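Enquirer: Residue numbers (this note's numbering), protein chains in the order written: chain A, 1 to 588; chain B, 1 to 266; chain C, 1 to 247.
The following block contains the structure, expressed as structure tokens.
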Amino acid sequence: MPLTSAHAAVHHAPPQGFIRKYVFSVDHKVIGIQYTTLSIVAAFIGMALSWAFRIHLGWPDAHIPLLEMLSKNGAPGGLMTPEYYLSLVTMHGTIMAFFVLTAAPMAGYGNYILPIQVGAADMAFPRLNMASFWVTFVGFLLACATFVIPDGPPLSGWTAYAPLSAVGAVAGPGQGWGQNLWGLSIAIFCVASLLGALNFIVTTLDLRTKGMTMSRLPISTWAWFINAWVSLLAFAVLLPTCLLLVLDRLGGTSFFIPGGLVINDQMQPHSGGSPLLFQHLFWFFGHPEVYIIILPAFGIVSHIIPTFIRKPLVGGWKVITWSMIAIGTLSFVVWGHHMFVSGMSPYMGMVFSVPTLLITIPSTIAVLVWVFSLYRGNIRFDTPMLFCLGFLSLFITGGIGGFFLAQPSTDSYLHATTFVVGHFHFTMGLSAIFAAFAGFYYWFPKMFGRMMNEKLGKVHFWLSFPLVYCVFMTMHLTGFAGAVRRYSAFVDDFMAPLIPTNRFISVAALLLGATQFVFLFNAIWSRFKGPKAPDNPWGGTTLEWDTTSPPPFDNFGGRQITVYHGPMEYDGEASVMQTSPPAAVAGT
Amino acid sequence: MAGKIFAVLVALITLATAYCVIAHVWWMPVDISVHGPKIDHQLEETVLVAGLLFIAGQLVLAAFAFLYGAAGRKPTQIPGGAKPLIIFAFVLVGTEVLALSFIGSKAWGSVYFEAPDPASMRVDVQAGQFAYYFRYPGPDGKFGSLHPDLINEGNQNYFGLDPDHDPDAKDDIVTAEFAIPVNKPILITLHSKDVGHSFYVRELRIQQDFVPGLNIPIHFTATQTGRFEIVCTQLCGLGHYNMKAYLSVLSPADFDDWLKKQASLQ
Amino acid sequence: MKTQHRIALLTLCLLVLALALLRSAPSVGAAATSQITGTVKLDGQAPHAKPIDMSKDPACAQTRSGAPPTTENVVVGGNGGLANVVIYISQGLTGNEGATPSQPATIDQKGCVYVPHVVAMNVGQHLTVLNNDKTAHNIHPQPNPTGGNAQWNKSQTAGSAPIDVSWTNEEVAIPVKCNIHPWMRAFIAVVKGPFGLSDETGSFKLDNVPAGTYTLTAWQETYGTQTQKVTVAAGKPASADFTFKAK
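Take a look at the structure:
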């Protein structure tokens, strides 16, 4: 690939006017901030949904006043109906998985930082980039629209298994137009993700500046690059799956619906379809999706840790990068571990279990690299590093939980219990979120030219970290007792004794939610009132720290950027910037 | 200072978690099936292996955070660099996961790869929003055919049987409770009337989804009498939380009495 | 008081009294309405009433009262009287039958059965749905899609407020099911004009029937409908009996 300066290729004049500057902007930095802002809004909506259903689980007779305002049918008198509980859970999962976890660490930070880290003036296709944000935004609006339509949001879970999701409104409350909007919202999100992935791949391959070989790419860029390939292949499968689902609902087809079904006393007119086909298609996307969520987190953490230990990661760029490539590749052959008890052939249980357990190996290598890099480092515990350490603890926990679910024999007991809920919240939920927070605190000064408040950042971390364990480790434990997930009330004999534990989880969850307002306040206040940030507040080495905070319109102010070093070189305590000419570094 | 606080916090969390697991504060109920001990053994093995890795991982992380706060040292890498880490991952973790796989396949196999006993008692299980119904073939040992268009729940024809025209269906016994004799092999076939459901009995160590369009066989033998819950674990709609039935494992004599009584109520 | 004044006062009082009497008199045709009474019987053996096993929801037993629940598709009293038959006027109504009752009809969910099993009510009349069980129900009336009445489906958790609805079109009869408890079944017959519902003895009574000749229809959920012509004279109750043949 030619390593020429790409300035001429993407040169466009600085935009004029508020709309071109901040709304319909082709500048990757604005688009990155737009994605990040969308994710933060979505995260608070997703959290608010979880507060509502956790209050209901802890205090089932509670009249939640705001809820009746949101939905008179769903919560008459503020008492949550069973269907509304499931709708809230469905939209919580959908909004969090897609519009927060897939959006922020990849499209948010990736868009902002990747072009700068490779030394480019913008993404390869700036207009496509703008389109992918606004398409994501439309998808988000459709998801939110499910709350205001009379039928309400769908209740089939973020996994939307057929035939419950496919037969239409006859399946009961919560399965009306909300499910159609859901399918369209996710399909639109897929389109946006595919466009974004194209941009990331082409930019990384074609727009690297002089001297920026693939071996000198920051690990975060590697992660976004690998992730873009995984996204391209995975979202390409989810898109038609959602369309087939909507066709079954509106077009009279029967892709996922067999014959002979009697729902609400009505013989269904469909025949010939397979519910298992939906599960295979969904999880063929669904498993890579969790790695799509976590790979940028791996990249962010791999990028931030060296800065705060003043040395490179053990094994340099190669070990961690090859681990990520192995994980991304293996992620496509393990989807059946979501389906051990689904009715697929039991032989497939073994077929999927082996690679699922083998994926442990590159994951272990990555974790060992991060942890053992701390050995004899000079660790500075600023907020970004604290969140990286938190990430490590959470990811170790989440990963270990995987041992139980990767084996069909143990999974046959733990499937669909709260153990699974705890497991995925640790791995794709809170680990990714902690990495996203680390990235936010780390890159905020670069993006906005102001420092965030360190004290508030530390309060945010010290409260969030133990509360996460209180909420989600407890779920692992109730899972061992067989507590079933997605239950709106605990009427079973064996579930009733778990109500006090559930109340504990609810209290911790509400406190954890409240803590996030510390972060929100810090972010908004610092945006306008924070102390001015220098170009390189943390002592980083990569190209984003080689320009102003925030960077000029074309990222480097017209300078020719030439790279001489890898991304993690340090000389004692001093950073070796990637652009430092080789003569300036003595005895490295 | 922050590093030390983090280390203590992580150590406390690790200890609390380990305690809760080892002391079985929340744990599986008694196992009442023939294949159960294999699954329980596999779970205990996994707890041991995963538990050790969990404790080791968290405590090493904590130790490094504790020891290596900024102190002006010259940063160096661990001796050997990444090589020992890679070897550890491949050899130790690799061996362990392959061992779990292959030993675990016996536990999985005991549920799915062994043929059912030819003398098994057969019961047909139907899941539908939001209840389970069970069908015993009656004295003729044959199940009547199912006619979904005849399903009328208000008249308690849950299966869509046609006893007036189908002699096999005449003596079928439909119940809302699943009773079985203890120590007898049972073969159940699972089918769904409408959407996806699941059959989960914690004590039997069995969980199997109902897939609309499929008739899924599961076999087991219960080893203890008692009353246990069958709960639905596959999201099926608003009544999912309230979808359950009771499994009664009875002595053979009690079971015969129960079946006679159910037959008289048809 | 002077005599003239006394007479005027007395006349005024009498006038007021007369007016009051006239106003409180029943509406148009009050003196001209009558009743239709009768009995519905089942000829033959009722089908075996299968007991309902509610063990899947132990909360049902908490509010259960009376005899063990059985399927209510055919309910027969001691002397062969057929209960839960809706009798209404299918032909001959002139529109002078009086206003829609202001009292709402009620249906209760108690012991995980609908009480009553059949509700007869008028178009436009309100229906109050109660949940007196310690478990959630999901009330789901399933009117004929082409009949004009809207299908709806509402959850009522334990202790929640009653639901209030009404129907815009006649329909005999709208099946009602509970999505959570599959054995629950009720019927709502929505008619125009006077109606009656037979009790355990099979007796029924239609009130406030204006004089005239009518076609009376009796509907039972299993045996379908039967009709009879009946003439009601002012002040003279008419009678009509129905007999359904068991299958």
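Idealized CB from N, CA, C, for every residue including glycine.
These numbers come from a predicted model, not from an experiment.
Looking only at its chain, what residues have a beta carbon closer than 7 Å to the beta carbon of residue 188 of chain A, apart from the 5 residues adjacent to it on each side?
Expert: Your numbering for residue 188 of chain A matches position 188 in the first sequence. Taken in chain order, the residues that qualify are 135, 138, 139 and 142.
Enquirer: When you compare the stretch 308–321 of chain A with the stretch 373–383 of chain A, are there three or more beta-carbon pairs, one atom per stretch, that lie closer than 8 Å?
Expert: Yes, they touch.
Enquirer: Keeping to the same chain, check which residues put their C-beta closer than 6 Å to that of residue 9 of chain A; ignore five residues upstream and five downstream.
Expert: Counting from 1 along the first sequence, the entry for residue 9 of chain A is found at position 9. With a pLDDT of only 45 at residue 9 of chain A, under 50, the local geometry of the prediction cannot be trusted, and the value read off the model is given with reservation. Within the same chain, residue 9 of chain A has no close Cβ partners at all.
Enquirer: Less than 7 Å between CB atoms is the rule here; does residue 244 of chain B satisfy it with respect to chain C?
Expert: One-based indexing of the second sequence puts residue 244 of chain B at position 244. Yes, because at least one Cβ of chain C sits closer than 7 Å to the Cβ of residue 244 of chain B.
Enquirer: Can you tell me which of the three DSSP states residue 193 of chain B falls into?
Expert: Translated into positions along the second sequence, residue 193 of chain B becomes position 193. Residue 193 of chain B falls in the coil class under three-state DSSP.
Enquirer: At a cut of 8 Å, does the stretch 559–568 of chain A reach the stretch 193–210 of chain A through at least three beta carbon pairs?
Expert: Counting Cβ pairs under 8 Å, three or more are found: they touch.
Enquirer: Cβ of residue 245 of chain C less than 7 Å from any chain B Cβ?
Expert: Locating residue 245 of chain C in the third sequence gives position 245, where the first residue counts as 1. No, no contact with chain B.
Enquirer: Less than 7 Å separating the beta-carbons of residue 220 of chain A and residue 292 of chain A?
Expert: Counting from 1 along the first sequence, the entry for residue 220 of chain A is found at position 220. Counting from 1 along the first sequence, the entry for residue 292 of chain A is found at position 292. Taking 7 Å as the Cβ cut-off, residue 220 of chain A and residue 292 of chain A do not qualify as a contacting pair.
Enquirer: Of the residues that make up the stretch 107–126 of chain B, which ones have a beta carbon closer than 8 Å to any beta carbon in chain C?
Expert: Hits within the stretch: zero.
Enquirer: Output the distance between the C-alpha atoms of residue 47 of chain C and residue 40 of chain C, rounded to the nearest integer angstrom.
Expert: For the purposes of this step, residue 47 of chain C is taken as residue 47 along the third sequence, with counting starting at 1. For the purposes of this step, residue 40 of chain C is taken as residue 40 along the third sequence, with counting starting at 1. Distance between the alpha carbons of residue 47 of chain C and residue 40 of chain C is about 17 Å.
Enquirer: Let me see if you follow: with CB-CB separation under 7 Å, is residue 499 of chain A close to chain B or not?
Expert: The sequence position of residue 499 of chain A within the first sequence is 499, counting from 1. No, residue 499 of chain A lies away from the interface with chain B (no Cβ there is under 7 Å from its Cβ).
Enquirer: Step through the CB atoms of chain C and report whether any lies within less than 7 Å of the CB of residue 190 of chain B.
Expert: The residue you call residue 190 of chain B lines up with position 190 of the second sequence. Closer than 7 Å: no.
Enquirer: I'd like to check one pair, residue 245 of chain A with residue 145 of chain A: are the Cβ atoms closer than 7 Å?
Expert: Taking the first residue of the first sequence as 1, we reach residue 145 of chain A at position 145. Taking the first residue of the first sequence as 1, we reach residue 245 of chain A at position 245. For residue 145 of chain A and residue 245 of chain A, no; Cβs fall outside 7 Å.
Enquirer: Name, please, each residue of chain C whose Cβ falls closer than 9 Å to the Cβ of residue 177 of chain B.
Expert: Taking the first residue of the second sequence as 1, we reach residue 177 of chain B at position 177. Those within 9 Å of residue 177 of chain B in chain C are 53, 55 and 56.
Enquirer: Answer yes if the stretch 383–393 of chain A comes into contact with the stretch 427–441 of chain A, meaning at least three C-beta pairs across the two stretches below 8 Å, and no otherwise.
Expert: Output reads yes: the stretch 383–393 of chain A touches the stretch 427–441 of chain A.
Enquirer: My assumption, with CB atoms under 8 Å, is that residue 252 of chain B sits in contact with residue 221 of chain B. Please give the rounded CB distance.
Expert: As a first step, residue 252 of chain B must be located in the second sequence, where it is residue number 252. As a first step, residue 221 of chain B must be located in the second sequence, where it is residue number 221. Residue 252 of chain B to residue 221 of chain B, Cβ: 13 Å. No contact.
Enquirer: Just checking my contact of residue 4 of chain B with residue 106 of chain B at CB under 8 Å: how many whole Å lie between their CB atoms?
Expert: The residue you call residue 4 of chain B lines up with position 4 of the second sequence. The residue you call residue 106 of chain B lines up with position 106 of the second sequence. Not quite, the Cβ-Cβ distance comes to about 46 Å (not below 8 Å), so this is no contact.
Enquirer: I believe residue 287 of chain A touches residue 335 of chain A by the beta-carbon criterion, under 8 Å. Please report the beta-carbon distance rounded to the nearest angstrom.
Expert: For the purposes of this step, residue 287 of chain A is taken as the residue at position 287 of the first sequence. For the purposes of this step, residue 335 of chain A is taken as the residue at position 335 of the first sequence. Indeed, because the Cβ distance is near 4 Å, the residues count as touching under 8 Å.
Enquirer: Can you pull out the residues from the stretch 185–213 of chain C whose beta carbon lies closer than 7 Å to at least one beta carbon of chain B?
Expert: If the cut-off is 7 Å between Cβ atoms, the stretch 185–213 of chain C has 185 near chain B.
Enquirer: Does the beta carbon of residue 257 of chain B sit closer than 7 Å to a beta carbon anywhere in chain C?
Expert: The count along the second sequence starts at 1 and reaches residue 257 of chain B at position 257. No, residue 257 of chain B does not count as interfacial toward chain C.
Enquirer: Should residue 249 of chain C go down as buried or exposed, given a rule of 16 or more other Cβ atoms within 10 Å for buried?
Expert: Outside the shown range of chain C (1 to 247) lies residue 249 of chain C, about which nothing can therefore be said.
Enquirer: Who are residue 310 of chain A's beta bridge partners in DSSP?
Expert: The sequence position of residue 310 of chain A within the first sequence is 310, counting from 1. In the DSSP output, where bridge partners are listed per residue, residue 310 of chain A has none listed.
Enquirer: Using DSSP bridges, identify the partner residues of residue 131 of chain C.
Expert: In the third sequence, residue 131 of chain C corresponds to position 131, counting from 1. Answer by DSSP bridge pairing, in chain order: C:109.
Enquirer: Under 7 Å, do residue 431 of chain A and residue 391 of chain A count as touching if we go by C-beta distance?
Expert: Position 431 of the first sequence, counted from the start, is the residue given in the question as residue 431 of chain A. Position 391 of the first sequence, counted from the start, is the residue given in the question as residue 391 of chain A. Against a cut-off of 7 Å, the Cβ pair of residue 391 of chain A and residue 431 of chain A comes out as a contact.
Enquirer: Whole angstroms are fine: how far does the CA of residue 461 of chain A sit from the CA of residue 324 of chain A?
Expert: Locating residue 324 of chain A in the first sequence gives position 324, counting from the first residue. Locating residue 461 of chain A in the first sequence gives position 461, counting from the first residue. So the two alpha carbons sit approximately 27 Å from each other.
Enquirer: In the DSSP assignment, what are the bridge partners of residue 267 of chain B?
Expert: This structure cannot speak to residue 267 of chain B, because chain B is shown only from 1 to 266.
Enquirer: Considering only the beta carbon of each residue, do residue 51 of chain C and residue 70 of chain C sit closer than 7 Å?
Expert: Taking the first residue of the third sequence as position 1, residue 51 of chain C is located at position 51. Taking the first residue of the third sequence as position 1, residue 70 of chain C is located at position 70. Contact flag set, yes.
Enquirer: Residue 489 of chain A by DSSP, collapsed to three states: which one?
Expert: The sequence position of residue 489 of chain A within the first sequence is 489, counting from 1. In the structure shown, residue 489 of chain A sits in coil (DSSP, three-state: anything other than H, G, I, E or B).
Enquirer: Starting from the Cα of residue 133 of chain C, find the closest Cα among C:158, C:17, C:122 and C:118 and give me that residue.
Expert: Reading the third sequence from its first residue, position 133 is the one you call residue 133 of chain C. Residue 133 of chain C has its Cα closest to that of C:158, out of C:158, C:17, C:122 and C:118.
Enquirer: Would a C-beta distance cut-off of 7 Å place residue 36 of chain A and residue 108 of chain A closer than the cut-off?
Expert: Taking the first residue of the first sequence as 1, we reach residue 36 of chain A at position 36. Taking the first residue of the first sequence as 1, we reach residue 108 of chain A at position 108. Yes, these two residues count as a Cβ contact at 7 Å.
Enquirer: Where does residue 219 of chain C fall in DSSP's three states?
Expert: Taking the third sequence and counting its residues from 1, one reaches residue 219 of chain C at position 219. The answer is strand: DSSP assigns residue 219 of chain C an E or B state.
Enquirer: For residue 275 of chain A and chain B, any beta-carbon pair shorter than 7 Å?
Expert: Looking up residue 275 of chain A in the first sequence gives position 275. For residue 275 of chain A, the answer is yes, since a Cβ of chain B falls inside 7 Å of its Cβ.
Enquirer: 7 Å is my cut-off, CB to CB: does residue 265 of chain B come that close to chain C?
Expert: Taking the second sequence and counting its residues from 1, the one referred to as residue 265 of chain B is at position 265. Judged by the 7 Å Cβ criterion, residue 265 of chain B is in contact with chain C.
Enquirer: Using the rule of at least 16 other Cβ atoms within 10 Å of the residue's Cβ for burial, across every protein chain shown, is residue 446 of chain A buried or exposed?
Expert: Against the first sequence, residue 446 of chain A aligns to sequence position 446. Buried, because 16 or more other Cβ atoms sit within 10 Å of the Cβ of residue 446 of chain A.
Enquirer: What's the C-alpha gap between residue 542 of chain A and residue 300 of chain A?
Expert: By 1-based counting over the first sequence, the position of residue 542 of chain A is 542. By 1-based counting over the first sequence, the position of residue 300 of chain A is 300. Going from the Cα of residue 542 of chain A to the Cα of residue 300 of chain A covers about 13 Å.
Enquirer: Going straight from the alpha carbon of residue 250 of chain B to that of residue 169 of chain A, what length do you get?
Expert: In the second sequence, counting from the first residue as 1, residue 250 of chain B sits at position 250. In the first sequence, counting from the first residue as 1, residue 169 of chain A sits at position 169. Straight-line Cα distance between these residues: approximately 42 Å.
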